[in-house]
Each structure stands twice: as structure tokens, then as C-alpha cells.
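>
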């Protein structure tokens, strides 16, 4: 119980900083990054204007993820999962806001993941499995980006998530794929039912990729 509470508090405090990152990167392609300082209520400190995301959403999401990781994450995977969760929270909100996964976030995430995987497991065979899983998931999403309505940002996010799933095991890798598509389908149906989108609307797939990965690791590893 204490660990869960500490995880939630850490996530809540981190969420204040993560909100600033979301505001900075949640801009359409071609526009300069924002430099606004914002409060947890979403107001700019200088001009008082509101910006995406809605008040307290980033902070509460980060707190929930922190609590879940503290309570259920395998100890050996915890540093890697915290790393992915920090970047993943920002990426999920940015993608939900502007349907974009910037290189400035996906590439550092991949570099850090590559460094943390060997710390989580010292066996070269596991490193190879992670590399293969990262390559397979990256290739799959790259093909979908080329031949289906999927963004290149998703393809750049995929190797990091593939490495995490591969580290947790083959069953987790396949479960991650299933959960990604299941969450995306449920989200799309919800938007259609609420009339927030039409049948031809584009959906942000990044949040489903991140949530599917987290669910697979926690439920199957």
C-alpha cells in the first residue's frame, strides 16, 4: 500500500513537469515548439490563456500510472517501465491533441530504452530477443505507415515498445499487439458513439500502443 501511494505521489509530481512538455510539443507539424509555462489547471503563467491538455488530466494520468507500476510492475523491469511511462505520458497526450508523435520524443525514448534493456537483463540471448521484437514491431508499423492510414511517428515509437514487450517474453509481445488493437478499436467506437468523430476520421493510435504495451507487461509477465 505504501509503495502504491509513493508511486502515485511521484507520478503526480512528475505530471506537473510532464504537462509543460505536452504543451511544448503539442503543436501541428511545421510550427515551432511552444515555450509557455503552464499551471496544472492548463493556464499559461504569462498570458493566462488555456491550452491542451485539459486541467489536471496529465497529472492524474501520471499518478495513476505511477501507482499501477509501483503495485504491479516486475521489479527488474521497473526502471525501464518508468522511463517509458514518463515519455509515454507526454507522447499519448501530444498524439491525442494534434495526432503527432515528434522525433524529439520518440528518438530519445528509443535511445534510453536501448541503454536500459541490458540493465534489466544481463543475458545476451534476451538482448537479441528484444532487438528482434523491436525490429519486428517497427517494421510492421512502418509497412502500415506506407500502405495504410498510419503515421511515421507510430513507426518510430514501435521499436521502443517492441523492445519492452520482447524483454517481458514472447507471450507478452503477442499480447501487446492484441491489446493495442483492442484498445484502439474501443476508443474508435467510443468516439463514434459520442459523435466526436466520423467513419473517415483519423484516430491517434499512439495512446493505444502505449496502453496496450503497459497492459500486456502487467498482465502477462
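Numbering (our numbering), first residue to last: -9 to 211. Ideal Cβ positions, reconstructed from N, Cα and C, are used throughout, including at glycine. Since the model is a prediction, treat every value here as computed from it, not as a measurement.
1) Give a yes or no on contact between the segment 48 to 60 and the segment 121 to 132, applying the rule of three or more CB pairs nearer than 8 Å.
2) Can you tell me whether residue -7 is buried or exposed, with buried defined as 16 or more other CB within 10 angstroms of its CB?
3) With respect to the alpha helix (DSSP H) encompassing residue 181, which residues constitute its N-terminal and C-terminal limits?
4) Is the beta carbon of residue 177 less than 8 Å from the beta carbon of residue 206?
5) Out of 183, 65 and 87, point me to the one whose CA is closest to residue 19's CA.
6) When DSSP labels each residue in this structure, what does residue 28 get in the three-state scheme?
7) Going by beta carbon distance, what residues of the same chain come within less than 6 Å of residue 210, once the five residues before and after it are set aside?
8) Does DSSP put residue 83 in a helix, a strand or coil?
9) So, using beta-carbon positions, are residue 81 and residue 71 closer together than 8 Å?
Reading from the atomic positions:
1) When C-beta atoms of the segment 48 to 60 are compared with those of the segment 121 to 132, fewer than three pairs fall below 8 Å, so the two segments do not count as touching.
2) Burial check for residue -7: the Cβ neighbour count within 10 Å stays below 16, so the residue is exposed.
3) 160 to 183 is the extent of the alpha helix (DSSP H) around residue 181.
4) Against a cut-off of 8 Å, the Cβ pair of residue 206 and residue 177 comes out as no contact.
5) Nearest to residue 19 by alpha-carbon distance, out of 183, 65 and 87, is 87.
6) Residue state, collapsed to three classes: strand.
7) Once the five neighbours on either side are set aside, the close Cβ partners of residue 210 are 161, 162 and 165.
8) In the three-state reduction of the DSSP assignment, residue 83 falls in the helix class.
9) Cβ distance not < 8 Å, so residue 81 and residue 71 don't count as in contact.
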